[in-house]
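Note that the sequence shown covers residues 0 to 92 in numbering that gives the first Met the number 0. Contents: one structure, followed by commentary.
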Amino acid sequence: MNEIKLKFDKQIILLAGRDFGIVEFNKQVKNKINYKEQIVFIFPDHIQSMASSFIQGFFLDIVEHIGIGGVKDKVEVKNNRMDFKQLVLDNLI
């Protein structure tokens, strides 16, 4: 299983921006991810939500590798406050 704990500035509570999503994926995930295994992204507790633009940028490479169905089946997106998976799926379609 890939369990990747993400880090963001503590002053940021909402993640937004396609380019920001791509940059953060490349910086924090790209060299750690194995698409053949279950993937768990753990966002810091101070992150309260994500805009569709961030989701689409952050998950761009993932969708290219395993498709939206693969995201649905193999990826968890959470923090201690909430499970972000449905938010992610709603914004990838």
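Positions of the beta carbon are idealized from the N, C-alpha and C atoms, including for glycine.
If the criterion is Cβ atoms closer than 8 Å, does the pair residue i and residue j meet it?
i	j	result
Ile32	Asn78	no
Ile46	Phe7	yes
Met49	Leu88	no
Leu91	Val70	yes
Leu86	Ile41	no
Gly56	Gly16	yes
Ile38	Lys84	no
Output the boundary residues of the alpha helix (DSSP H) element that contains residue i.
i	result
Lys26	Arg17 to Gln27
Ile54	Ser51 to Phe57
With a threshold of 7 Å on Cβ separation, who are the neighbours of residue i within its own chain once the five nearest residues in sequence on each side are excluded?
i	result
Leu59	Ile21
Gln10	none
Ile12	His45, Ile46 and Gln47
Can you name the start and end residues of the beta strand (DSSP E) that residue i belongs to?
i	result
Lys84	Premise fails: Lys84 lies in the alpha helix (DSSP H), Lys84 to Leu91, not in any beta strand (DSSP E).
Output needed for residue i: all residues of its chain with C-beta closer than 6 Å, excluding positions within five of it in sequence on either side, in chain order.
i	result
Ser51	Asn90
Closer than 8 Å by C-beta to residue i: which residues in its own chain qualify, once you throw out the five before and the five after it? Chain order, please.
i	result
Ile3	Gln27, Val28, Lys31, Ile32, Ile38, Val39, Phe40 and Ile41
Kindly confirm or deny that the segment 11-26 and the segment 63-71 touch, where touching means at least three C-beta pairs closer than 8 Å.
-> Touching, no, given that fewer than three Cβ pairs across the two stretches are closer than 8 Å.
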